[in-house]
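See structure below.
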Amino acid sequence: MFIKRSKPWQGREADVTPQPLYLDRRRIMQAGGALAVTGLIGCGSSESQAENGVAASARTASTLQPETASSGLSYRETAYQVGDALTPYDAVSGYNNFYEFGTSKEDPARYANRMSVDPWSIDVEGHAANTGRFALEDLVDFNALEERIYRLRCVEAWSMVVPWIGVPLADVLRRFEPTSDARYVAFETYLNRSEMRGTRFPVLDWPYVEGLRMDEAMNELAFLAVGLYGDLLPNQNGAPVRLVVPWKYGYKSIKSITKIRFVSEEPPTSWNIAAPNEYGFYSNVNPNRAHPRWSQASERVIGGNLFSRRETEMFNGYSEQVAHLYAGMDLIENH
Ligand code: MTE
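Structure representation (C-alpha cells):
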C-alpha cells in the first residue's frame, strides 16, 4: 500500500456531501458537537443499542435525519455514532483503495463504474447447513437496513468517519446455520478482469480474499454495508455489498463480495499473502505496533486540512465491544 499526500479535495472541508440532509447534520455537529437527542424521528431502537455499550452521549445530530433518503433507501438510525464530524461525501467516494481498479486513490472513482453490480449473487460454501448461490436480495433484508457511523482506520495511517447503511453480519451468517466446524469465515471479491483494469498487474493475488475468526464475524460491530450517506454504495466503495469491520485496519473490510466460505482453518488473506511481516491475519488497529515502515500512533484525518491528525486508539476506539475477543493474546505477535 502506498501513502500519497496531496489530494485534490484536501482542505475543502466546507465542500460536503450533495445531500442537504447531511449538510444540515454536519453543520450542527460542527456547531455543537454531540447532541444527546434520541427518538426524534425513526430511531426506535436507539435505547437498546445504547445498552450494547455505545454511549448515548456519543449520539450526534444524525438523529435529525428522516428515515428515507433521496434514493428511497429506507433505514433506521442507530446509536452507533462517533463524536467526530463525518468525512465529506466527496472524500469517502473519491479517495479509495480498490486495487482491482488501480493503485492510485483516484483510480476506483474513475474506473469502478465499469463493474456490473446488478444482478448480484453470492456463493455460500463450506461448513454450514444452508449453502448454495443466493441473490443479494435474499441475503440482505432491504427492509431491515440500519445506519452505523463508524471510524475507518486505514493501515496507511489515515482515517475517515463514514455513515454506512447495511445489516449486522451476524444476522446474515446465522441464516446459513454454520456448523461447529466453522471456526473461520472467508470472503472473496468479485473478479472480472475485463471490467477491472487493475487486475492486469500482479499487485496482489486476485481475487482479493479476506477472513475473520467466527467470533469476530458474529461480533455486534461487524457489518455488511450496501450503502453509505443514505444511498446505495458507489462502486468504488465496494458495491453492491462489502464488509465493514471498524476495529480492524481498512483492508479487512473486503469489497464487492461474491463468495462466503465457512472453514475450519485460518483462511489466507490478500495482504498477508503479499507481505506477511507487514500485514497479519488479525490486523486489529493497534497504535502500539508500528508498521515496519511507519508509526501507527496517530492518523491523518481525511477531509480535514493538511495537518488534521488524531491519536490512534486501540481497536480504533471500539475496545469496549471487542477487547474480550483477544483476552490473553499477544497482539504484537498476532498482529
Ligand atoms: N477490497 C478489495 N476487494 N480490494 C481492495 O483493494 N482495499 C481495502 C478495503 N477493501 C480493498 C478492499 C483497503 S486497503 C481499505 S483502506 C478499504 O477497502 C477502503 O475502503 P473505502 O475505499 O471505501 O474507503
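Just so you know, the sequence shown maps onto residues -11 to 323 in my numbering. C-beta atoms are modelled at their ideal positions from N, C-alpha and C, and glycine is treated no differently.
Take the Cβ of W152 as the centre, count every other Cβ of all protein chains shown within 10 Å, and call the residue buried at 16 or more, exposed below. buried
Run through the stretch 174 to 223 for me and flag every whole alpha helix (DSSP H) of 4 or more residues, listed as ranges in chain order. Counting only runs of 4+ residues, the alpha helix (DSSP H) found wholly inside the stretch 174 to 223 occupies 202 to 205, in chain order.
Let me check understanding here. Comparing Cα to Cα, which of V150, F164 and R136 lies closest to P156? R136
Measure the Cβ-Cβ separation of G154 and F86 and say whether it is below 8 Å. no
Cβ-based neighbour list, A123, same chain, cut-off 6 Å, excluding 5 preceding and 5 following: Taking C-beta separations shorter than 6 Å and ignoring five residues to either side along the sequence, the partners of A123 in its chain run S109, following chain order.
Does the distance from the C-beta atom of I248 to that of V173 stay below 8 Å? The Cβ atoms of I248 and V173 lie closer than 8 Å to each other.
What residues in its chain sit with their C-beta under 8 Å from that of P6, if we drop five residues either side in the sequence? Any answer about P6 is weak, because its pLDDT of 28 lies below 50 and its placement is not dependable; what the coordinates show is given next. So the qualifying residues of the chain are Y77.
Are there any heavy atoms of the ligand MTE lying less than 7 Å away from the beta-carbon of T300, as far as the coordinates show? Not one heavy atom of the ligand MTE lies closer than 7 Å to the C-beta of T300.
N180 vs V310 beta-carbon contact at 8 Å: no
Three-state secondary structure assigned by DSSP to D318: coil
Alpha-carbon spacing of V105 relative to P228, whole angstroms: 6 Å
Could you tell me which of S241, S62, R188 and Q224 sits nearest to E204, measuring between CA atoms? The candidate whose alpha carbon is nearest that of E204 is S241.
In the structure shown, what three-state DSSP assignment does A285 receive? DSSP, reduced to helix, strand and coil, places A285 outside both helices and strands of the structure shown, so it counts as coil.
With distances taken between CB atoms, is the gap from D82 to A97 smaller than 8 Å? Strictly speaking, residue 82 in this sequence is Gly, with Asp absent from that position. In this structure, A97 lies closer than 8 Å to G82 by Cβ.
Can you tell me whether G218 sits near the ligand MTE, meaning its C-beta is under 7 Å from at least one heavy atom of the ligand? no
T177 and I261 look like a contact to me (Cβ under 8 Å); what is the Cβ gap, rounded to whole Å? Separation of the CB atoms of T177 and I261 is rounded to 14 Å, and the pair is thereby denied contact status at 8 Å.
When you compare only the Cα positions, how much space is there between F130 and S62? Straight-line Cα distance between these residues: approximately 8 Å.
Cβ separation of R288 and R297, assumed to be a contact under 8 Å, to the nearest whole Å: 6 Å
Is it true that the CB of G90 sits closer than 8 Å to the CB of G226? Cβ distance not < 8 Å, so G226 and G90 don't count as in contact.
Would you report the Cα separation of S167 and G215, rounded to the nearest angstrom? Here the sequence assigns Thr to residue 167, which means Ser is not the residue at that position. In a straight line, the C-alpha of T167 is about 30 Å away from that of G215.
Going by Cα to Cα distance, which pick from G305, Y217, A79 and P195 is closest to R64? Y217
So, T75 versus G291, is the Cβ gap smaller than 8 Å? yes
So does Y172 have its beta carbon nearer than 7 Å to some heavy atom of the ligand MTE? It does not: the Cβ of Y172 is nowhere closer than 7 Å to a heavy atom of the ligand MTE.
Cβ-Cβ distance between M202 and M103 below 8 Å: Against a cut-off of 8 Å, the Cβ pair of M103 and M202 comes out as no contact.
Rounded to whole angstroms, what is the Cα-Cα separation between S307 and F250? 26 Å
In angstroms, rounded to a whole number, what distance separates the CA positions of E198 and T257? When rounded, the distance between both Cα atoms is 5 Å.
Which residues in the same chain as G120 place their Cβ atom closer than 8 Å to its Cβ, once the five residues preceding and following it in sequence are excluded? D111 and V112
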